[in-house]
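Novice:
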Amino acid sequence: APDPEEDEEKGYDGIDVVMENKRQICIFKQANASAEPWFWWDFVQKFDTECSMTKSTYDEECSERAFLDVGGNKLGGGLATLRSCMSSNESITYLAEEVQAQMKSDIVILPSIIIEGHQYRGALHAGSVLKALCAAFYKDYDNQPSVCSCSDQPDSQLMQCISENGNDVCKKGKAGDV
């Protein structure tokens with residue numbers, strides 16, 4: 135990764151960005167393996183709020199604190215599993231896979247979300263992304279997954295609504311898709 139300040143003598147370096155990308159991939163994998171895929175969104179929101187280069191908190195300590203603050207110890211293995219992933223060769227494989235996927239899809243910014251062949255530009259907040267995904271059903275509104283009804287829920291109720299209404303997401307698509 136390029137040096138964020140373009141000055142290798144001060145602040146953060148590209149390795150700091152790579153390590154955080156690696157950590158977030160490990161968290162994503164851990165959340166999915168624990169059947170808690172929405173955990174990653176909670177973590178990213180907390181990390182974005184608490185850990186930044188401008189506040190000099192873009193580091194492992196802040197990232198792990200954000201992980202724990204949003205319930206990381208409830209995931210399989212908690213912090214120990216995250217640290218194990220970070221020190222394993224498997225996490226390097228995860229990074230390589232992400233870079234390959236990025237190059238294959240012509241994505242220049244990670245994380246990226248592609249909806250209907252277009253890169254999503256907006257807040258990486260579960261509600262915002264859900265609204266964008268559901269907007270892709272504008273031509274086929276009657277076939278919109280029920281989870282789309284959650285897009286206007288307040289943050290305090292969003293994840294509960296998604297967990298209650300998300301079961302049909304993969305079953306519906308545009309007209310004719312299954």
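For the numbering used here, count along the sequence shown from 1 and bump the result up by 134.
Ideal Cβ placement from N, Cα and C applies to all residues, glycine included.
Because the structure is a prediction, the values reported are computed rather than measured.
(1) Looking at the structure shown, is I247 part of a helix, part of a strand, or coil, going by DSSP?
(2) If you count every other CB in all the chains shown that lies within 10 Å of the CB of A260, and 16 or more means buried, which is it?
(3) State yes or no: is the C-beta of R160 within less than 9 Å of the C-beta of C196?
(4) Using DSSP bridges, identify the partner residues of Q253.
(5) For E198, I'd like the list of residues in its chain whose CB is within less than 7 Å of its CB, leaving aside the five on either flank, ordered along the chain.
(6) Compare the Cα-Cα distances from G148 to each of Q287, L264 and M187 and report the closest residue.
(7) According to DSSP, is Q278 part of a helix, a strand, or is it coil?
Specialist: According to the data block:
(1) Here the question's residue 247 lines up with position 113 in the sequence shown. The answer is coil: DSSP assigns I247 none of H, G, I, E or B.
(2) In the sequence shown, counting from the first residue as 1, residue 260 sits at position 126. By the 10 Å Cβ count, A260 comes out buried.
(3) Taking the sequence shown and counting its residues from 1, the one referred to as residue 160 is at position 26. Taking the sequence shown and counting its residues from 1, the one referred to as residue 196 is at position 62. The sequence given here has Cys at residue 160, not Arg. No Cβ-Cβ contact shorter than 9 Å links C160 with C196.
(4) Walking along the sequence shown from the start, residue 253 turns up at place 119. I248.
(5) Locating residue 198 in the sequence shown gives position 64, counting from the first residue. Once the five neighbours on either side are set aside, the close Cβ partners of E198 are L213.
(6) Walking along the sequence shown from the start, residue 148 turns up at place 14. Comparing alpha carbon positions, the residue from Q287, L264 and M187 closest to G148 is M187.
(7) Counting from one through the sequence shown, the residue named residue 278 turns up at place 144. Coil.
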